[in-house]
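Residue numbers (numbering that gives the first Met the number 0), protein chains in the order written: chain A, 0 to 416; chain B, 0 to 416.
We put the CB at the ideal spot given by N, CA and C, even for glycine.
Data block below; observations after.
2 protein chains.
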Amino acid sequence: MGATHRIEQTRIETEIAETMNPAVSGKTSNSNATAPLVRTLGIIGGGQLAKMTAIAAAQLGCRIVVLERSADCPAASVAAQTLVGDLNDLDALLRLAGMVEVVTLENEFVNPDVLARVEQAGHAVWPTASTMRLVQDKLIQKETLLQAGLPVPRFAPAPTLEAALAAAAQFGWPVVLKRRKLGYDGKGNATARSAAELESSWAYLDGLKNPLYVEEFCPFRTELAVIVTRSRTGEAVVYPVTETINRNHICNITKTPAPVPRDTAQKVVELAQRAADAINMVGSMGLELFWREDGTVLINEIAPRVHNTGHYTIEACECSQFENHVRAVLGWPLGSPAMRAPAAVMVNLLGHAEGIGTPFGLTQALSVPGAHVHIYGKTRTSPGRKMGHVTALGQTLDEALALAQRAANCIRFGQPE
Amino acid sequence: MGATHRIEQTRIETEIAETMNPAVSGKTSNSNATAPLVRTLGIIGGGQLAKMTAIAAAQLGCRIVVLERSADCPAASVAAQTLVGDLNDLDALLRLAGMVEVVTLENEFVNPDVLARVEQAGHAVWPTASTMRLVQDKLIQKETLLQAGLPVPRFAPAPTLEAALAAAAQFGWPVVLKRRKLGYDGKGNATARSAAELESSWAYLDGLKNPLYVEEFCPFRTELAVIVTRSRTGEAVVYPVTETINRNHICNITKTPAPVPRDTAQKVVELAQRAADAINMVGSMGLELFWREDGTVLINEIAPRVHNTGHYTIEACECSQFENHVRAVLGWPLGSPAMRAPAAVMVNLLGHAEGIGTPFGLTQALSVPGAHVHIYGKTRTSPGRKMGHVTALGQTLDEALALAQRAANCIRFGQPE
Numbered sequence: 000m001g002a003t004h005r006i007e008q009t010r011i012e013t014e015i016a017e018t019m020n021p022a023v024s025g026k027t028s029n030s031n032a033t034a035p036l037v038r039t040l041g042i043i044g045g046g047q048l049a050k051m052t053a054i055a056a057a058q059l060g061c062r063i064v065v066l067e068r069s070a071d072c073p074a075a076s077v078a079a080q081t082l083v084g085d086l087n088d089l090d091a092l093l094r095l096a097g098m099v100e101v102v103t104l105e106n107e108f109v110n111p112d113v114l115a116r117v118e119q120a121g122h123a124v125w126p127t128a129s130t131m132r133l134v135q136d137k138l139i140q141k142e143t144l145l146q147a148g149l150p151v152p153r154f155a156p157a158p159t160l161e162a163a164l165a166a167a168a169q170f171g172w173p174v175v176l177k178r179r180k181l182g183y184d185g186k187g188n189a190t191a192r193s194a195a196e197l198e199s200s201w202a203y204l205d206g207l208k209n210p211l212y213v214e215e216f217c218p219f220r221t222e223l224a225v226i227v228t229r230s231r232t233g234e235a236v237v238y239p240v241t242e243t244i245n246r247n248h249i250c251n252i253t254k255t256p257a258p259v260p261r262d263t264a265q266k267v268v269e270l271a272q273r274a275a276d277a278i279n280m281v282g283s284m285g286l287e288l289f290w291r292e293d294g295t296v297l298i299n300e301i302a303p304r305v306h307n308t309g310h311y312t313i314e315a316c317e318c319s320q321f322e323n324h325v326r327a328v329l330g331w332p333l334g335s336p337a338m339r340a341p342a343a344v345m346v347n348l349l350g351h352a353e354g355i356g357t358p359f360g361l362t363q364a365l366s367v368p369g370a371h372v373h374i375y376g377k378t379r380t381s382p383g384r385k386m387g388h389v390t391a392l393g394q395t396l397d398e399a400l401a402l403a404q405r406a407a408n409c410i411r412f413g414q415p416e
Numbered sequence: 000m001g002a003t004h005r006i007e008q009t010r011i012e013t014e015i016a017e018t019m020n021p022a023v024s025g026k027t028s029n030s031n032a033t034a035p036l037v038r039t040l041g042i043i044g045g046g047q048l049a050k051m052t053a054i055a056a057a058q059l060g061c062r063i064v065v066l067e068r069s070a071d072c073p074a075a076s077v078a079a080q081t082l083v084g085d086l087n088d089l090d091a092l093l094r095l096a097g098m099v100e101v102v103t104l105e106n107e108f109v110n111p112d113v114l115a116r117v118e119q120a121g122h123a124v125w126p127t128a129s130t131m132r133l134v135q136d137k138l139i140q141k142e143t144l145l146q147a148g149l150p151v152p153r154f155a156p157a158p159t160l161e162a163a164l165a166a167a168a169q170f171g172w173p174v175v176l177k178r179r180k181l182g183y184d185g186k187g188n189a190t191a192r193s194a195a196e197l198e199s200s201w202a203y204l205d206g207l208k209n210p211l212y213v214e215e216f217c218p219f220r221t222e223l224a225v226i227v228t229r230s231r232t233g234e235a236v237v238y239p240v241t242e243t244i245n246r247n248h249i250c251n252i253t254k255t256p257a258p259v260p261r262d263t264a265q266k267v268v269e270l271a272q273r274a275a276d277a278i279n280m281v282g283s284m285g286l287e288l289f290w291r292e293d294g295t296v297l298i299n300e301i302a303p304r305v306h307n308t309g310h311y312t313i314e315a316c317e318c319s320q321f322e323n324h325v326r327a328v329l330g331w332p333l334g335s336p337a338m339r340a341p342a343a344v345m346v347n348l349l350g351h352a353e354g355i356g357t358p359f360g361l362t363q364a365l366s367v368p369g370a371h372v373h374i375y376g377k378t379r380t381s382p383g384r385k386m387g388h389v390t391a392l393g394q395t396l397d398e399a400l401a402l403a404q405r406a407a408n409c410i411r412f413g414q415p416e
């Protein structure tokens, strides 16, 4: 008994000292905080995608540093450290890279040439500069997918208005004129139904200053999306196929699994895997696709990063797109993308008006049982800005949709009407 | 078409400016970061419980500040801000309280008199100083529960060895001698099977310096635990009942739902609610109970905070104990504690030896599909120290246990053997 007592007594003193009295404890030194075995991840960008990635990484004991232009970005609130700087500034990127083991990206707009310099300085960047180079310019993206034998809408470079008109003559009207770079959520695109409209679109998108390309217009039955995570060694896991319902070109609602035939879903999964291979992706990426009336599927575009259409995976899947992204870029084995409920619906919370970034009606939304409310913590809002989202699970898509929509309808960003 | 174009063009410029070019954007100012509508929460303590609470709060857009003695504590990595100071230092607590809307606690050891001073200065502290006063001293805790008509083991104050011996004569041997304050995980307790052992226990626990009390020894069939969250307005939600399997007095495995008859589970839920009422709890709290051979249930002890036996709720329940704690202390409606899978098992990851806090074998653990691995990010480990946990869900407890145990067995904290 004496022996037991002595052991317990030592434990009492050690543990209480550690909990209660810093003066007695030598254990809180941070001498090992930067030991090489502590996994560290740098994220270029500090928005909501970085925030959700940081949370997934923190749960795995990983230390996160983000680089963003503003110290009060969403990810800053959950990152171990935030660097303030421009995302294309080589010095800022090198500073970030010097603090972490692996650098990853929140958006596809970072200059691949600058990224390549970071790689040349000996830092690990996933996805790589060459992956970003294949994706960032949407004309090159389309060419890359086409060369890999993947189905994409017909497209042509449009260095001049004449080239655009020639392509339209070949594809038939309408056509879509698009900026090769920096377009997202439908911004940087214009649909033209005639030569006159194409001419005005050309002027509007400023084809002399901004490289453009032209695409055939693709009527579709449903827009689909899918998330694939690919590891550093080329293994991939593909999440269930999602139906996306856009409003004003912005993803508004996602329904998973998409109500499509099994062979369509299988086709999408195969395309996702092949697209990830084609760009040598490492990490989670999103594909947007058109499911057409004739049952075929075309890839509309790919984003080499975690994606809005995969937010539902936080609650609905065994391993979320965010955790799998962290696993992939750090070289850990990938987790299962299997769903833990029959149906999941996500509804985006978009800004209604200019104003502060705090939600009105959150209390009401939280009273909807089973609705998982995410507020990104942006300091300002504006019409259409992505401010948060709600996910609900259910036995059916209708059930999940009703719940998610009920909670989302309570919340308003910007001044109440 | 012209009108549409103009609107889209404005959107392009605004959005790209905001994303790409800080010089053009006036939106990244942090002038509204501290606007009164931004919800802020201060946590006294920065360990793993604070970390998981901070993550839940961040997802709801809430800003977290933690107070801890060391800047490299687990919660620091996910808090918006970390204050370094002693948890019982009034000035440090007032500094914390001045930065946030509500102050809450990660552990039950903070001095209630100091907390009361923070309240007197006009700050909201949940749970309150008076709740902490009813719980921190375990003799008072037992008296409070008894007065509320709740079943507890027989107990008596032991201000002297003679009082302890008199109580033992009344209860019968063995008895358990316990420190009234600062005991946890079996530390500060000693079981005595005879007057001689009680005398040596008395000396070992140093009854003259540390106030003690004595309890009857309770043989039990199973140890149970349950989490209850109670709101500022007195509503409560009770999570499913959990079986806890301890090793060396430290929670090692939890199984939910506990394999007990329905009426036993109902009884536990009722006790949890009444115990939360008895101490006027606000937030999530844990109860540990004995389920005895005769089918009755006794409350062993209560902890006025999120609890190790409720970690499974992160993956297994619609709203985790952490999110519900945040909701409760901020005055939001409580979420559903319903389980999203038939069975959940959590296995603690305890330190094996002295060493750095980084896990060995994490890669292997992450290759177990369906195992949710949490690493707390402590910089140092020691034998028995809580370093992380693994949760797995399943159709049955056996299935979940096998998965969680398989992943947990891969991980070792401290030097490998």
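- Under the DSSP definition of a beta bridge, His-371 of chain B partners with B:Thr-390.
- Within 10 angstroms of the beta-carbon of Ala-167 of chain A lie 16 or more other beta-carbons, which makes it buried.
- The C-alpha of Cys-409 of chain A is placed about 37 Å away from the C-alpha of Leu-176 of chain A.
- When the Cα atoms are used, Glu-222 of chain B and Thr-308 of chain B turn out to be separated by approximately 11 Å.
- For Thr-362 of chain A, the closest alpha carbon among the candidates B:Tyr-238, B:Ala-327, B:Leu-402, B:Glu-100 is that of B:Ala-327.
- Using a Cβ-Cβ cut-off of 7 Å, Ala-343 of chain A does not count as an interface residue toward chain B, since no Cβ of chain B sits closer than that to its own.
- Under a 10 Å Cβ-count criterion, Thr-380 of chain A is classified as buried, with 16 or more other Cβ atoms of the shown protein chains found around its own Cβ.
- Among the residues facing chain A, Trp-201 of chain B is not included, as its CB has no counterpart in that chain under 7 Å away.
- Secondary structure of Asn-247 of chain B (DSSP, three-state): coil.
- Between Glu-67 of chain A and Gly-41 of chain A, the gap from beta carbon to beta carbon reaches 7 Å or more.
- Beta-carbon to beta-carbon, Val-65 of chain B and Ala-155 of chain B are separated by about 39 Å, too far to satisfy the 8 Å threshold.
- In the structure shown, Arg-411 of chain A falls within a strand segment according to DSSP collapsed to helix, strand and coil.
- Restricting attention to alpha helix (DSSP H) runs no shorter than 4 residues, the stretch 258-289 of chain B encloses them at 261-277, ordered along the chain.
- For the beta strand (DSSP E) assignment, the uninterrupted runs of no fewer than 3 residues enclosed by the stretch 194-249 of chain A are, from N- to C-terminal side, 211-215, 221-229, 235-237, 241-246.
- If only complete runs of 4 or more residues are kept, the stretch 83-151 of chain B shows the alpha helix (DSSP H) at 89-98, 111-119, 128-135, 137-146, in order along the chain.
- The beta carbon of Ile-410 of chain A sits no closer than 7 Å to any beta carbon of chain B.
- DSSP places Lys-50 of chain B in the uninterrupted alpha helix (DSSP H) bounded by 47-58.
- Under the Cβ distance rule, Gln-58 of chain A counts among the residues neighbouring chain B, one pair being separated by less than 7 Å.
- Look at Gly-309 of chain B here: in three-state DSSP terms it is helix.
- Setting aside the 5 residues that flank it on each side, Arg-405 of chain B is surrounded in the same chain by Val-367, each with a C-beta closer than 6 Å to its C-beta; the list follows chain order.
- Taken through DSSP and simplified to helix, strand or coil, Pro-382 of chain B comes out as coil.
- Bounds of the alpha helix (DSSP H) holding Arg-326 of chain A are 320-329.
- Taking all protein chains shown into account, Leu-207 of chain B has fewer than 16 neighbouring C-beta atoms within 10 Å of its C-beta and is therefore exposed.
- When C-alpha distances from Arg-116 of chain A are compared across A:Arg-94, A:Arg-246, A:Cys-318, A:His-306, the shortest belongs to A:Arg-94.
- Taking C-beta atoms as the reference points, His-310 of chain A and Gln-58 of chain B fail to come closer than 7 Å.
- Between the stretch 338-358 of chain B and the stretch 311-323 of chain B there are three or more C-beta pairs closer than 8 Å, enough to call the two in contact.
- Under the three-state reduction of DSSP, Ala-79 of chain A is assigned to coil, being neither helix nor strand.
- Residue environment: Asn-323 of chain A is assigned as buried (16 or more neighbouring CB atoms within 10 Å of its CB, all protein chains considered).
- Contact between Arg-178 of chain B and Leu-144 of chain B does not hold, since the beta-carbon distance rounds to 18 Å and is not under 8 Å.
- In this structure Thr-263 of chain B does not touch Thr-253 of chain B by the C-beta definition: roughly 17 Å separates them, more than the 8 Å allowed.
- Within 7 Å of the CB of Thr-362 of chain B, the CB atoms of chain A belong to Trp-331, Pro-332, in sequence order along the chain.
- Glu-287 of chain A and Val-151 of chain B have their C-alpha atoms roughly 60 Å apart.
- A straight line joining the alpha-carbon of His-388 of chain B with that of Leu-329 of chain A spans about 20 Å.
- Residues of the stretch 369-380 of chain B with a C-beta atom less than 7 Å from some C-beta of chain A are Gly-369, Val-372, His-373, Ile-374, Tyr-375, Gly-376, Thr-378, Arg-379, listed in chain order.
- Taking every protein chain shown into account, the CB of Asp-90 of chain A has fewer than 16 other CB atoms within 10 angstroms, so this residue is exposed.
- With respect to the C-alpha of Ser-76 of chain A, the residue from B:Glu-398, B:Arg-38, B:Ala-364, B:Glu-269 having the closest C-alpha is B:Arg-38.
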